[in-house]
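Written out below as structure tokens is the structure these notes cover.
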Amino acid sequence: MSSPDILKAAKLLQEGKVVVMPTETVYGLAANIYDAAAIRAIFELKGRPSNNPLIVHIKSFEVLQEVAKNIPEAALKLARHFWPGPLTLVLEKQDTILDVITAGGSTVAVRMPNHPIALALLQETGFPLAAPSANPSNYISPTSAENVRKGFGDRAPFILDGGPCEKGIESTVVGFKSDGVYLYRHGAITKEALETALEGLEVQTLTNETASPASPGMLLKHYSPRAKLIHTTDVEQQLHQAQGKQVGVLSFRTHYSQPNIAHQLTLSPSGKLEEAAQGLFNALYELDAKGLDIILAEVFPEEGLGLAINDRLRRAAAE
Ligand code: TXA
Ligand code: MG
Numbered sequence: 004m005s006s007p008d009i010l011k012a013a014k015l016l017q018e019g020k021v022v023v024m025p026t027e028t029v030y031g032l033a034a035n036i037y038d039a040a041a042i043r044a045i046f047e048l049k050g051r052p053s054n055n056p057l058i059v060h061i062k063s064f065e066v067l068q069e070v071a072k073n074i075p076e077a078a079l080k081l082a083r084h085f086w087p088g089p090l091t092l093v094l095e096k097q098d099t100i101l102d103v104i105t106a107g108g109s110t111v112a113v114r115m116p117n118h119p120i121a122l123a124l125l126q127e128t129g130f131p132l133a134a135p136s137a138n139p140s141n142y143i144s145p146t147s148a149e150n151v152r153k154g155f156g157d158r159a160p161f162i163l164d165g166g167p168c169e170k171g172i173e174s175t176v177v178g179f180k181s182d183g184v185y186l187y188r189h190g191a192i193t194k195e196a197l198e199t200a201l202e203g204l205e206v207q208t209l210t211n212e213t214a215s216p217a218s219p220g221m222l223l224k225h226y227s228p229r230a231k232l233i234h235t236t237d238v239e240q241q242l243h244q245a246q247g248k249q250v251g252v253l254s255f256r257t258h259y260s261q262p263n264i265a266h267q268l269t270l271s272p273s274g275k276l277e278e279a280a281q282g283l284f285n286a287l288y289e290l291d292a293k294g295l296d297i298i299l300a301e302v303f304p305e306e307g308l309g310l311a312i313n314d315r316l317r318r319a320a321a322e
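Quick note, the working numbering runs 3 ahead of the 1-based positions in the sequence shown.
Structure, rendered in structure tokens:
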């Protein structure tokens with residue numbers, strides 16, 4: 004990445020434009036948090052409902068105080084442990100944070116991304132950047148510049164290309180209530196890792212039912228490919244039922260040999276969940292480009308990063 008591109012992106016952001024930046028999780032559609040028109044342009048470009056708030060990206064702990072207040076000790080502990088990194092904290096917002104970012108709520112979601120280009124861009128602009136994943140609302144999150152272009156076509160803004168994202172799934176979103184720490188979204192940091200950093204304090208999970216309106220992004224349907232996606236523990240049985248259809252298979256480590264598979268992608272033949280997470284969204288883009296009738300996606304082990312992967316696949320399968 005040449006720094007002229009970062010300067011160009013910073014200039015566009017200063018002029019109130021939206022740009023695409025790489026992060027360690029997925030690509031983000033970024034704009035100046037203090038420019039209401041620029042933030043509205045993000046919602047418009049994504050077709051995102053205005054009740055779904057955005058994450059504010061910051062470059063340093065000093066800027067954390069600029070956007071949030073009354074920060075709980077547990078939040079500071081997590082931030083010190085995981086930032087820069089794929090952890091988003093939902094905190095009480097400062098008065099200067101625009102309603103359009105928080106969907107009118109009193110909390111703001113904040114994270115410090117661990118990507119040299121994102122950090123250089125934040126450094127160059129001087130203001131924090133609001134950034135949802137750089138995909139049309141409900142479509143698959145992009146982990147490469149090419150997938151951002153596939154999602155937006157001609158409407159794609161200026162893209163800083165940082166190559167493939169290291170983590171491949173979005174940040175873990177955590178909130179704080181008087182009775183403890185809550186997981187709002189499974190993500191690149193596991194619940195176990197959070198609990199270890201909190202020295203054994205239990206992290207409770209918000210269910211889809213209890214999440215709204217706390218975190219509208221938890222609502223079921225999301226990440227949807229154009230093909231019908233079936234999330235299944237029994238790929239062979241589903242293949243049997245799908246005779247005569249164009250079927251794609253997305254598996255964890257198993258390679259299936261049924262003749263009626265049109266395309267098959269195996270995310271980690273050696274069974275590593277990190278590797279599977281990294282390749283997940285790219286595989287969905289790849290399969291969705293094949294014009295299949297059905298994508299059969301295996302249910303992953305319900306542990307560690309497998310929880311975040313299954314969450315994405317379950318929602319991709321939602322009607
Ligand atoms: O890894 C990531 O988090 C990526 C990169 C670009 O940083 N961003 C991302 O943003 O995934 P987005 O907009 O696709 O997802 C933001 C999630 C949504 O589930 C949203 O509902 C939740 O964070 N969220 C944002 N603000 C919130 C708030 N104040 N309270 C509760 N949930 C919030
Ligand atoms: Mg998203």
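Positions of the beta carbon are idealized from the N, C-alpha and C atoms, including for glycine.
Please determine whether the Cβ atom of residue i lies at a distance below 7 angstroms from any heavy atom of the ligand MG.
i	result
Pro135	yes
Leu174	The residue you asked about is not Leu; residue 174 is Ser in the sequence shown. For the ligand MG, not one heavy atom lies less than 7 angstroms from the Cβ of Ser174.
Ser144	yes
Short of 7 angstroms in beta carbon distance, which residues of its chain neighbour residue i, apart from the five on each side in sequence? Order them along the chain.
i	result
Gln244	none
Tyr288	Ile143, Asn150, Lys153
Thr105	Pro56, Lys96, Val111
Ser147	Pro167, Asn285
Gln241	Ile233, Thr235, Leu299
Lys108	The displayed chain sequence assigns Gly, not Lys, to residue 108. Same-chain partners within the cutoff: Pro56.
Gly282	Gly171, Leu270
His189	Thr175, Leu310, Ala311, Asp314
Thr99	none
Gln17	Thr128
Under the criterion of a Cβ to heavy atom distance below 7 angstroms, does residue i qualify as lining the ligand TXA?
i	result
Pro167	no
Tyr187	yes
Asn55	yes
Val177	no
Ile162	no
Ala321	no
Pro131	no
Ala112	yes
Pro75	no
Gly183	no
Ile58	yes
Thr99	no
Val151	no
Ile262	First, the residue type needs correcting, since residue 262 is Pro and not Ile in the sequence shown. Pro262: no, Cβ never under 7 angstroms from the ligand TXA.
Gly31	yes
Pro139	no
Pro89	yes
Thr105	yes
Pro116	yes
Per DSSP, residue i forms a beta bridge with which residues?
i	result
Ile162	Val23
Leu276	Answer is none; Leu276 lacks a bridge partner.
Arg114	His60
Lys72	Glu95
Gly251	His266, Ile298
Ser136	Gly31
Leu67	Answer is none; Leu67 lacks a bridge partner.
His234	Ala300
Leu90	Thr175
Residues in the same chain with beta-carbon distance under 8 angstroms from residue i, minus the five sequence neighbours each way, listed in chain order, please.
i	result
Leu101	Ile36, Tyr37, Ala39, Ile42
Ile192	Phe85, Gly88, Pro89, Leu90, Ser174, Thr175
Glu198	Leu204, Glu205, Val206
Arg51	Ile45, Pro135, Ser140
His258	Gln267, Thr269, Pro272
Ala200	Lys80, Leu81, His84, Phe85
Gln249	Ala265, Lys293, Gly294, Leu295, Asp296, Ile297
Ser53	Phe46, Val103, Ala106
Glu305	Asn313
Gly274	Phe255, Arg256
Looking only at its own chain, which residues have a Cβ that is under 6 angstroms from the Cβ of residue i, when we skip the five neighbours before and after it?
i	result
Leu79	none
Val93	Thr110, Ala112, Gly178
Thr26	Pro116, His118, Ala121
Leu268	Leu253, Ala286
Met24	Gly31, Ala33, Ala121, Leu124, Leu163
Lys170	Glu27, Thr28, Pro89, Ala191
Arg229	Asp291
Leu2	Here the chain comprises residues numbered 4 to 322, so residue 2 is not present and cannot be evaluated.
Ser227	Asn141, Ala319
Lys72	Glu95, Gln97
Quick one: is the Cβ of residue i within less than 7 angstroms of any heavy atom of the ligand PLP?
i	result
Gly108	Absence of the ligand PLP is noted for the structure shown, with the ligand TXA and the ligand MG being the only ligands found.
Worksheet item: Hey, which unbroken runs of the alpha helix (DSSP H) at 4 residues or more fall wholly within the segment 164-210?
Response: 194-200
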